[in-house]
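Residue numbers (this note's numbering): 6 to 310.
A virtual CB, placed ideally from N, CA and C, is assigned to each residue, including glycine.
Given the structure is predicted, the values throughout are model-derived calculations rather than measurements.
Okay, so here's the structure we're looking at.
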Amino acid sequence: MGRITARTRVTRITVGGRTSRRDDLLAVEEPLEIRVGRAPLAVTMRTPGHDIDLAVGFLVSEGVVSRGDQVTAAIHCAGDDGENTYNVLDLTLAPGVQVPDAAAQRATYVSSSCGVCGKASIDAVHTRTSHPVADADLRVPAELLVRFPDRLRAGQEVFEKTGGLHAAALFDGRTGEMLVLREDVGRHNAVDKVIGWAAREGLLPLRGMVLQVSGRASFELTQKASMAGIPMLAAVSAPSSLAVEHAKHAGITLVGFMRGDSMVVYAGAERIVEQPIEAERAAARPAAHGAEHLAAQASRPATAG
């Protein structure tokens, strides 16, 4: 698996049983320095792979760009020591796109567990999105939505080997098709990789999509969904209070505790229907037909029996 996983020697201890030594696989965590026009912007701890998607998604999440074509080039370059470890990525923005001021963005270090560490205040994180979703007309059958966590889990190839990665995926809310899945040691990185992929494919805004994540739903994930124009965020675990507050404010449907056939909807429940939409439409047709039939009968002249 290259730099995605690393092998190490471990001691396995079983209480009341035997102790053994064996090799084990770990998910790799390395820093990625994101530069824009050769100027450092941020450093995030990530699992190597899909670095360009990660960087572009990061710029979308930060409000630097709103479309993939606003990033015209990306190249891994050498660090300050002159060695190219593929841990420095320099992005070039399209003419007319304002180069971000690193001091006005987040702090220069972003851990793999917290995507918004270093923000001066919570108000600074409420970036205005170019892709509002409050009026998105997406409606997803509940029986379709509950299948997404298992399909996400089935696609987590590196998690299967290491047990140490988060995952995020985009699902078409109407067909249930999974468009892309990304894994990373940081949940926010996994989401940025998904958003960056979509941006580079020219798919933003993602108004017909559901963002499914493997862990909890934090504020940063609702913020990223908002910036990418994603109207529904679904999580296997719990959301935070700020995630719920922001979802309500932004018009995002927020789902948590997806377990088996059940889920808890914290915001935007109107986008989730309890029966397939086609069945819902079919159920409405006989009633409409019956009303038309009665109206036609009422308009006919009476006849003697």
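On the premise that residue j lies in contact with residue i, defined as a C-beta separation below 8 Å, what is that separation, rounded to the nearest angstrom?
i	j	result
residue 243	residue 265	Not confirmed; about 16 Å, so no contact.
residue 79	residue 99	About 12 Å separates the two Cβ atoms, so there is no contact after all.
residue 255	residue 227	7 Å
residue 172	residue 195	6 Å
residue 154	residue 241	5 Å
residue 135	residue 71	4 Å
residue 183	residue 156	6 Å
residue 62	residue 198	6 Å
Just to confirm my understanding: we take residue i, look at its own chain, exclude 5 residues before and 5 after, and list those with CB closer than 6 Å. What are they?
i	result
residue 160	186
residue 149	181
Who are the near neighbours of residue i in its chain, counting only those whose CB is closer than 8 Å to its CB and skipping five residues on each side?
i	result
residue 206	73
residue 245	221, 222, 223, 224
On the criterion of 16 or more Cβ atoms from any shown chain inside 10 Å, does residue i qualify as buried, or is it exposed?
i	result
residue 258	buried
residue 8	exposed
residue 58	buried
residue 77	exposed
residue 377	Here the chain covers residues 6 to 310 and nothing more, so residue 377 does not appear.
residue 56	buried
residue 219	buried
Taking C-alpha atoms, which residue in the options lies nearest to residue i?
i	options	result
residue 223	45, 182, 232, 250	250
residue 82	66, 75, 42	42
residue 145	30, 96, 176, 11	176
residue 280	241, 147, 267, 221	147
residue 44	63, 28, 97, 12	97
residue 102	133, 88, 69	69
residue 200	18, 174, 269, 221	174
Closer than 7 Å by C-beta to residue i: which residues in its own chain qualify, once you throw out the five before and the five after it? Chain order, please.
i	result
residue 143	178, 212, 213, 236, 237, 276
Flag residue i as yes when its Cβ comes closer than 6 Å to any non-hydrogen atom of the ligand NAP, and as no otherwise.
i	result
residue 201	Questions concerning the ligand NAP fall outside what the structure shown contains, since it holds no ligand whatsoever.
* Quick one: any contact between the stretch 229 to 241 and the stretch 204 to 218, if contact means 3 or more CB pairs under 8 Å? -> yes
* Is the stretch 88 to 95 touching the stretch 29 to 42, taking contact as three or more C-beta pairs under 8 Å? -> yes
* To do: Count the C-beta pairs between the stretch 46 to 58 and the stretch 180 to 196 that are closer than 8 Å, then say yes if the count reaches three, no if not.
  => yes
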